[in-house]
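Novice:
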Amino acid sequence: MPTQLRISPPPDYVLARDACSYGYFLLSPNNWSPASGTFTTTLDLAGRGVGDATTIHITQPGERASHAHLRGRALRVNADRTLTDPDRAELRRLVTRILRLDEPEQIVRDFHKRDPRYAPRAKNTCAGRGRLMRSPTLFEDVIKTVTSCNVTWPSTIIMNRGLCQVLGRRSASELHAFPTAEKVAAARPATLRARCTVGYRDQRIVDLAKMFARGKINEAWLEDPATPDDEVFEALLEWPGIGPYAAANIMQLLGRYARLPLDTESIRHGKAVLGYKGTDRAIMAAIHKHYQPMGAHAFRSYWFELWEFYEAKRGPSWTWERETTGKTFTAALLKELKKEPAPTEAREPRRSPPASRRRAT
DNA sequence: GGTAGACCTGGACGC
DNA sequence: GCGTCCAGGTCTACC
94 MPTQLRISPP PDYVLARDAC SYGYFLLSPN NWSPASGTFT TTLDLAGRGV GDATTIHITQ
154 PGERASHAHL RGRALRVNAD RTLTDPDRAE LRRLVTRILR LDEPEQIVRD FHKRDPRYAP
214 RAKNTCAGRG RLMRSPTLFE DVIKTVTSCN VTWPSTIIMN RGLCQVLGRR SASELHAFPT
274 AEKVAAARPA TLRARCTVGY RDQRIVDLAK MFARGKINEA WLEDPATPDD EVFEALLEWP
334 GIGPYAAANI MQLLGRYARL PLDTESIRHG KAVLGYKGTD RAIMAAIHKH YQPMGAHAFR
394 SYWFELWEFY EAKRGPSWTW ERETTGKTFT AALLKELKKE PAPTEAREPR RSPPASRRRA
454 T
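So for the first sequence, our numbering puts the first residue at 94; every next one is plus one.
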């Protein structure tokens with residue numbers, strides 16, 4: 094008999110808004126159904142690599158017309174098989190990580206104080222953002238980051254689908270989990286290249302998997318708030334296939350939001366939205382300076398600003414379908430943006446941070 | 001320390 | 001339908 098769990102999220106939590114807060118919600122094994130407001134994923138519980146994987150459907154029952162009305166309502170998690178008590182505990186732990194339910198409410202409130210643009214408002218359906226969706230494991234977050242480097246979004250979708258279908262365990266629902274580090278470590282690079290179309294990333298992905306599988310990654314140290322950001326950043330740069338952008342992105346996935354993973358998309362944002370001009374290097378420097386007053390919340394402020402820019406073009410993220418909008422939005426959006434006239438003037442940002450978040454100089 | 005070129009794939013574009 | 005070009009971040013060799 095399928096197992097059902099009930100999870101009480103923090104009082105600010107809205108599943109549609111907070112699960113659809115980062116692009117990974119569109120990458121296999123994840124899926125979001127706008128019609129039913131259901132987040133679906135397939136998990137390899139305990140990473141044991143034996144038996145069936147488990148497909149789960151997460152919903153937040155209630156009146157969906159108003160997100161404000163859903164805040165803090167219990168989450169319902171339906172699994173496609175009967176779970177033992179240890180599996181139920183593991184499932185609860187993984188869902189908590191994916192949805193960042195364990196991030197203290199006080200930290201989210203602190204972010205809203207720093208950047209009031211995202212503070213909750215009774216009648217605003219998307220206000221109150223603060224939590225960013227991520228993967229059930231650090232390993233999956235790292236590989237997803239590598240598959241998003243030097244490639245357009247549709248290719249990232251293909252790579253993640255391939256990794257799941259070729260190496261991930263299958264559930265009773267005929268869906269595949271993301272493969273474990275052990276499974277990827279045991280794969281041949283040529284297999285990843287040929288069947289998962291990861292291209293030249295093949296050896297790097299296998300090397301990363303070996304590091305995780307052999308216990309060479311100290312996750313507790315990486316996640317420990319006492320570990321300085323600079324030390325984590327330097328450590329990540331030592332990993333194969335991880336450069337400055339990937340390291341900064343992994344840091345935000347670890348819950349360290351002070352650094353910005355800036356890429357070509359950031360340059361576009363700096364030009365189109367913030368109104369900066371000059372060389373890419375100069376624009377990146379200006380973007381770093383722009384968000385510096387946000388301190389430990391810099392990435393959240395940057396990301397939600399970028400996210401809302403996408404939503405202005407493609408509608409709210411919880412209306413995106415993985416196989417339609419979610420598949421094409423970045424490439425199509427960029428193409429569309431090229432047709433838009435560049436801002437005419439602009440040494441200073443067009444959209445400045447609110448005065449309340451500026452640091453006195 | 002800074003820079004150029006290679007890496008690989010999918011998509012856009014021209015013919 | 002085919003060939004060519006481009007975008008994308010990291011790595012390595014070179015100055």
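Every residue, glycine too, gets a C-beta built ideally from N, C-alpha and C.
All figures in this text were calculated on a predicted structure; none of them were measured in a lab.
Output the boundary residues of the beta strand (DSSP E) element that contains A172.
Specialist: 168-172
Novice: CB A341 to CB R352, shorter than 9 Å?
Specialist: yes
Novice: For Q345, count neighbouring Cβ atoms within 10 angstroms of its own Cβ and tell me buried if that reaches 16, exposed if not.
Specialist: A residue is called buried when at least 16 other Cβ atoms come within 10 angstroms of its Cβ; Q345 meets this threshold and is buried.
Novice: Spatial neighbours of N253 within its chain, please: CB distance less than 7 Å, with the 5 preceding and 5 following residues excluded, ordered by chain position.
Specialist: L120, S121, K237, T240
Novice: Keeping to the same chain, check which residues put their C-beta closer than 8 Å to that of T437; ignore five residues upstream and five downstream.
Specialist: No answer about T437 holds up, because its pLDDT of 32 lies below 50 and its placement is not dependable.
Novice: Which of helix, strand or coil does DSSP assign to Q385?
Specialist: Three-state DSSP puts Q385 in a helix.
Novice: Short of 7 Å in beta carbon distance, which residues of its chain neighbour A389, apart from the five on each side in sequence? Order them along the chain.
Specialist: Y350, A351
Novice: Distance check for D323 and Y106, CA to CA, integer angstroms please.
Specialist: 31 Å
Novice: Which of the three DSSP states, helix, strand or coil, is assigned to L346?
Specialist: helix
Novice: How big is the Cα-Cα spacing for R202 and A212?
Specialist: 8 Å
Novice: Straight-line CA distance for P179 to L98?
Specialist: A direct Cα-to-Cα measurement between P179 and L98 gives close to 13 Å.
Novice: Whose C-beta lies closer than 6 Å to the C-beta of T96 among residues of the same chain, with five residues either side of it excluded?
Specialist: Taken in chain order, the residues that qualify are A172, T175, L176.
Novice: Do you know how far the Cα of S248 is from the Cα of A274?
Specialist: 21 Å
Novice: For the beta strand (DSSP E) containing W125, name the first residue and the last one.
Specialist: Counting along the chain, the beta strand (DSSP E) containing W125 begins and ends at 124-126.
Novice: Could you check what DSSP says for R99 in three-state terms: helix, strand or coil?
Specialist: Three-state DSSP puts R99 in a strand.
Novice: Determine contact between the stretch 259-269 and the stretch 128-138, defined as no fewer than three beta-carbon pairs at a distance below 8 Å.
Specialist: Output reads yes: the stretch 128-138 touches the stretch 259-269.
Novice: To which residues of the same chain is A161 closer than 6 Å at the C-beta, ignoring the five residues directly before and after it?
Specialist: A215
Novice: Any contact of the stretch 354-369 with the stretch 391-403, i.e. 3+ C-beta pairs under 8 Å?
Specialist: yes
Novice: Under a three-way DSSP split, which group does F305 fall into?
Specialist: helix
Novice: State the Cα-Cα distance for the pair N123 and R263, rounded to the nearest angstrom.
Specialist: 14 Å
Novice: So, do the stretch 379-388 and the stretch 221-232 have three or more beta carbon pairs nearer to each other than 8 Å?
Specialist: Short answer: they don't touch.
Novice: Would L163 pass as a contact of L108 if the rule is Cβ separation under 9 Å?
Specialist: yes
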